[in-house]
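Heads up, the thing below is written out as structure tokens.
Number of protein chains: 2
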Amino acid sequence: MDAREAAEGIERELLILTRHRDLPSPRGVHGGDELDRSGYVLLSRLEAQGPMSVPEFVEAFGLAASTFTRQTSALLRQGLVERTLDPAGGVARKYRITEEGLRRLAVQRTAMTDGLAEVVADWPPERRRRFIADLRQFNSDIERLTHRPWPRTDSPRPCPVAVPDELS
Amino acid sequence: MDAREAAEGIERELLILTRHRDLPSPRGVHGGDELDRSGYVLLSRLEAQGPMSVPEFVEAFGLAASTFTRQTSALLRQGLVERTLDPAGGVARKYRITEEGLRRLAVQRTAMTDGLAEVVADWPPERRRRFIADLRQFNSDIERLTHRPWPRTDSPRPCPVAVPDELS
DNA sequence: CGAGCAGAAGTGCATCATGCACACTTGATG
DNA sequence: CATCAAGTGTGCATGATGCACTTCTGCTCG
Numbered sequence: 001m002d003a004r005e006a007a008e009g010i011e012r013e014l015l016i017l018t019r020h021r022d023l024p025s026p027r028g029v030h031g032g033d034e035l036d037r038s039g040y041v042l043l044s045r046l047e048a049q050g051p052m053s054v055p056e057f058v059e060a061f062g063l064a065a066s067t068f069t070r071q072t073s074a075l076l077r078q079g080l081v082e083r084t085l086d087p088a089g090g091v092a093r094k095y096r097i098t099e100e101g102l103r104r105l106a107v108q109r110t111a112m113t114d115g116l117a118e119v120v121a122d123w124p125p126e127r128r129r130r131f132i133a134d135l136r137q138f139n140s141d142i143e144r145l146t147h148r149p150w151p152r153t154d155s156p157r158p159c160p161v162a163v164p165d166e167l168s
Numbered sequence: 001m002d003a004r005e006a007a008e009g010i011e012r013e014l015l016i017l018t019r020h021r022d023l024p025s026p027r028g029v030h031g032g033d034e035l036d037r038s039g040y041v042l043l044s045r046l047e048a049q050g051p052m053s054v055p056e057f058v059e060a061f062g063l064a065a066s067t068f069t070r071q072t073s074a075l076l077r078q079g080l081v082e083r084t085l086d087p088a089g090g091v092a093r094k095y096r097i098t099e100e101g102l103r104r105l106a107v108q109r110t111a112m113t114d115g116l117a118e119v120v121a122d123w124p125p126e127r128r129r130r131f132i133a134d135l136r137q138f139n140s141d142i143e144r145l146t147h148r149p150w151p152r153t154d155s156p157r158p159c160p161v162a163v164p165d166e167l168s
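If you read the protein sequences in the order shown, they are chains A and B. The first sequence begins at 1 in full-length UniProt numbering and counts up one residue at a time. The second sequence begins at 1 in full-length UniProt numbering and counts up one residue at a time.
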């Protein structure tokens with residue numbers, strides 16, 4: 001199967017996959033505890049990478065800075081991140097996920113993995129492993145072209161103590 | 001690898017995958033010829049399934065009807081679909097992709113598959129085939145749970161002649 | 001044949017994610 | 001200490017979607 005033929009197949013499957021928006025994006029975790037999709041992604045990133053500043057979000061996601069100003073201030077209001085001074089000095093602030101943020105993230109993730117586990121319930125273990133490896137390779141190859149890698153540590157990164165930003 | 005463990009890995013990869021929004025959603029086809037994402041999905045579905053009515057879209061995608069009235073009227077204005085009477089009679093109208101719609105869809109799809117082909121350029125042919133098969137199985141298994149299958153004919157479906165809807 | 005009904009289409013208002021342009025703030029530096 | 005660049009925040013715009021409501025259309029029954 002050549003690359004072009006494969007690309008057509010992948011294009012179709014990804015088109016279909018993105019229609020199932022409720023799987024990768026959390027819905028249905030009720031009780032006022034829902035994170036919106038953007039918040040979920042941001043918290044996941046903070047969990048994976050440790051404290052980040054708005055310019056780092058811009059670099060990591062390729063979106064406008066105002067997007068992150070809004071998202072972080074929403075998360076701040078909910079107490080899911082805290083704003084700290086950048087230990088390196090400078091104007092930028094770092095956002096750090098809080099204990100509550102980690103908790104809410106875990107709740108949401110469990111809701112989603114419950115659904116996904118059902119999807120692959122009948123798959124042979126080896127095929128599951130292979131699928132994840134292929135997905136991972138696919139993501140890595142995209143990142144190779146876009147230069148926007150998602151941090152891939154297998155153990156959560158230590159989250160250094162930081163000085164809270166006392167201002168406004 | 002058990003289903004729960006697999007689900008966690010898949011959850012992460014899908015989270016990352018959905019961040020690469022420019023791959024499954026077309027951007028960068030310039031010249032006033034761009035289809036927006038929703039239009040692209042709708043045209044793809046019409047291409048795969050043949051003429052559909054708004055209630056059929058609602059059933060197929062699980063979104064509100066108003067979403068499709070807006071999307072179809074946008075595509076109508078651009079001449080990419082045409083509104084026809086339902087041969088079965090009744091109040092509903094069927095939307096049918098036009099030649100121009102097929103052409104624009106092909107242009108957009110080519111732009112996307114070009115990018116995807118680059119992503120998997122270095123993959124062994126067998127791995128490409130396997131990845132598509134796994135993606136397809138994954139989508140099918142989701143559809144098994146959501147009861148919203150994407151039509152999977154390997155040859156484009158004949159598009160019957162239909163009476164245009166002459167009204168407003 | 002005309003009235004009514006059920007289903008479909010369309011519209012107004014709301015929300016969320018995002019972009020862009022601009023104004024404001026802050027820390028570093030001469 | 002004054003200035004400047006970098007970072008932050010805000011107002012306005014768009015696209016996708018939902019919900020509630022209105023309008024339209026074709027079928028059916030009296």
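Just so you know, even glycine gets a beta-carbon here, dropped at the ideal spot from N, CA and C. On a predicted model such as this, the values are computed, not experimentally measured, just so you know.
query: Would R136 of chain A count as contacting chain B if we go by Cβ distances under 8 Å?
result: yes
- prompt: By the 10 Å Cβ neighbour count, where 16 or more other Cβ atoms means buried, how is T72 of chain B classified, buried or exposed?
  reply: If you draw a 10 Å sphere on the C-beta of T72 of chain B, you find 16 or more other C-beta atoms in it, and that means buried.
task: Using the Cα positions of D86 of chain B and A92 of chain B, report the straight-line distance between them to the nearest angstrom.
output: 6 Å
query: Ordered along the chain, which non-local residues of its own chain (more than five positions away) have a Cβ less than 6 Å from that of V58 of chain B?
result: A65
task: Over the uninterrupted beta strand (DSSP E) stretch that includes V81 of chain A, give me the two end residues.
output: V81 to L85
field: Per DSSP, cross-strand counterpart(s) of Y95 of chain A
entry: A:M52 and A:R83
query: Can R136 of chain A be considered in contact with the ligand ZN, in the sense that its beta carbon sits closer than 7 Å to one or more heavy atoms?
result: Looking at this structure, you won't find the ligand ZN or any other ligand, since it has none at all.
task: Select from B:T146, B:L76 and B:K94 the residue whose C-alpha is nearest the C-alpha of residue 170 of chain B.
output: Nothing can be reported for residue 170 of chain B, as the shown portion of chain B is limited to 1 through 168.
field: Straight-line Cα distance separating G9 of chain B from R144 of chain B
entry: When only Cα atoms are considered, R144 of chain B and G9 of chain B end up about 21 Å apart.
message: Assuming R148 of chain B and G62 of chain B are in contact, meaning their beta carbons sit under 8 Å apart, how far apart are those beta carbons, in whole angstroms?
response: 6 Å
query: For the alpha helix (DSSP H) that D141 of chain A lies in, which residues bound it at each end?
result: P125 to T146
task: Just mark V161 of chain A as buried or exposed, buried being the case when its beta carbon has 16 or more other beta carbons within 10 Å.
output: exposed
message: With a threshold of 8 Å between beta-carbons, can D141 of chain B be considered close to chain A, or not?
response: Closer than 8 Å to some Cβ of chain A, the Cβ of D141 of chain B qualifies, so yes.
message: Can you find the residues in the same chain that come closer than 8 Å, C-beta to C-beta, to M52 of chain B, ignoring five residues on each side of it along the sequence?
response: R45, L46, A60, K94 and Y95
query: DSSP puts P164 of chain A in a beta bridge; with which residues?
result: A:T84
- request: Pick helix, strand or coil for S44 of chain B, following the three-state DSSP scheme.
  value: In the three-state reduction of the DSSP assignment, S44 of chain B falls in the helix class.
query: For I132 of chain A versus A133 of chain B, is the C-beta spacing smaller than 8 Å?
result: no
message: Distance cutoff 8 Å, beta carbons only. Does L15 of chain B sit that close to anything in chain A?
response: yes
field: V120 of chain B (DSSP reduced to helix, strand or coil)
entry: coil
- request: Kindly indicate which residue of B:A88, B:L42, B:G89 and B:G90 has the alpha-carbon position closest to the one of L76 of chain B.
  value: B:L42
- prompt: Between L105 of chain B and chain A, is there a C-beta pair that is closer than 8 Å?
  reply: no
query: Roughly how many angstroms separate the alpha carbons of T84 of chain B and V163 of chain B, rounded to a whole number?
result: 5 Å
message: By alpha-carbon positions, which one of B:E13, B:T110 and B:R128 ends up nearest to A2 of chain A?
response: Note that residue 2 of chain A corresponds to Asp in the displayed sequence, not to Ala. It is B:R128 whose Cα lies nearest to the Cα of D2 of chain A.
field: Backbone secondary structure at S38 of chain A - three-state DSSP
entry: helix
Minimum Cβ-Cβ distance from I132 of chain B to chain A less than 8 Å: yes
message: Taking 8 Å as the threshold (beta carbon to beta carbon), is V119 of chain B in contact with chain A?
response: yes
query: Is it right to say A88 of chain B is buried, meaning 16 or more other beta carbons lie within 10 angstroms of its own, or is it exposed?
result: exposed
- prompt: V81 of chain A: which of A:R70, A:G101 and A:T67 sits nearest, CA to CA?
  reply: A:G101
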